[in-house]
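Presented below is the structure to which this report refers.
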Amino acid sequence: MTIDSASDALHASLQLTAALYRSPTAALRDDLASGQVAALSDSLALALNLPAPALLIPDWLTVETSFVALFVTNQHGIIPPYVGYALDNELLGPSFEALTALYQSHGFTLDGTFNDLPDHLSAVAEAALLLLEAERVDGALLLARQFLQPWFKRYADRVLSADGSGLYGPLTHFLKLAFTRFTEVQDEVAA
Numbered sequence: 002m003t004i005d006s007a008s009d010a011l012h013a014s015l016q017l018t019a020a021l022y023r024s025p026t027a028a029l030r031d032d033l034a035s036g037q038v039a040a041l042s043d044s045l046a047l048a049l050n051l052p053a054p055a056l057l058i059p060d061w062l063t064v065e066t067s068f069v070a071l072f073v074t075n076q077h078g079i080i081p082p083y084v085g086y087a088l089d090n091e092l093l094g095p096s097f098e099a100l101t102a103l104y105q106s107h108g109f110t111l112d113g114t115f116n117d118l119p120d121h122l123s124a125v126a127e128a129a130l131l132l133l134e135a136e137r138v139d140g141a142l143l144l145a146r147q148f149l150q151p152w153f154k155r156y157a158d159r160v161l162s163a164d165g166s167g168l169y170g171p172l173t174h175f176l177k178l179a180f181t182r183f184t185e186v187q188d189e190v191a192a
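Position in the sequence shown (from 1) plus 1 gives the number in this note's numbering.
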């Protein structure tokens, strides 16, 4: 994949986030096995002038086990995959309410089959992807800046040190750099 614009780079970052932080699916397994995840992260690194993550693509059982160990249950404390928790240190706090209001202002409603909180990292990335695909770039950037980037800033180092798979740690650290880069670019444009 060639990334030619800031919008393409944001799209790629959101795709990686949406795929990586939901419960591991067959689609992620296939994207890892085919090299699509590595190719997308390498293209994104090139476009953003960042070092590409050094990925070790583990066997599928290790991916599933690592996901659970990092984000579901861990004797040393899980890393909550909720953007509101990253901001407020609580579930369903003020940031959750702000995100819900933002979703509503863009016409989003929750699918009755969705079985997680709407501030889950992958759900926020998916919402930003929908906004980006509808050419509502400002809304996508707002979600990235106010909700995704703070999660990566707070938890990337913990994921990197706790990950035993060689997948989640390097990609989480890389996405922290990518979302930070978007914030820097936004600040330069606004100045």
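Idealized CB from N, CA, C, for every residue including glycine.
Please state whether DSSP places residue i in a helix, a strand or coil.
i	result
H121	strand
Thinking C-alpha only, which one of the options is nearest residue i?
i	options	result
R159	S166, L149, G170 and P151	G170
A145	I80, R155, Y83 and F183	F183
L122	D139, E136, R155 and G108	R155
L124	A135, V84 and L143	Before going further, note that residue 124 is Ala rather than Leu in the sequence given. The shortest Cα separation from A124 among A135, V84 and L143 belongs to V84.
G165	P59, S8, A28 and A53	P59
S106	N90, L143, A40 and D117	L143
Could you tell me whether the Cβ atoms of residue i and residue j are closer together than 8 Å?
i	j	result
A157	T173	yes
I80	L71	yes
F148	L176	no
D43	A53	yes
Just to confirm my understanding: we take residue i, look at its own chain, exclude 5 residues before and 5 after, and list those with CB closer than 7 Å. What are they?
i	result
A55	P171
L178	L51
L45	I4, A10, A13, S14 and A179
W25	The sequence given here places Pro at residue 25; Trp does not occur at that position. Result list for P25: V64, E65 and F68, in chain order.
L111	P119
V138	S8
D117	A124
T101	P119
In its own chain, which residues sit with a C-beta less than 6 Å from the C-beta of residue i, not counting the 5 before and 5 after it?
i	result
P151	A87 and L88
A141	A129, L132 and L133
L57	G167
S6	none
L33	I58
A39	L56
Please return the same chain residues whose Cβ sits closer than 8 Å to the Cβ of residue i, not counting the five positions on each side in sequence.
i	result
R30	W61 and V64
Y22	F72, P82, H121, L122, S123 and A126
S35	none
Is the closest heavy atom of the ligand PLP to the C-beta of residue i under 7 Å?
i	result
D117	With respect to small molecules bound, the structure shown includes none, and the ligand PLP cannot be examined in it.
Three CB pairs or more closer than 8 Å across the stretch 124–131 and the stretch 10–28 = The stretch 124–131 makes contact with the stretch 10–28; the number of CB pairs closer than 8 Å reaches 3 or more.
Indicate whether the contact test is met: 3 or more Cβ pairs, each with one atom in the stretch 90–97 and one in the stretch 47–66, closer than 8 Å.
-> No contact exists between the stretch 90–97 and the stretch 47–66.
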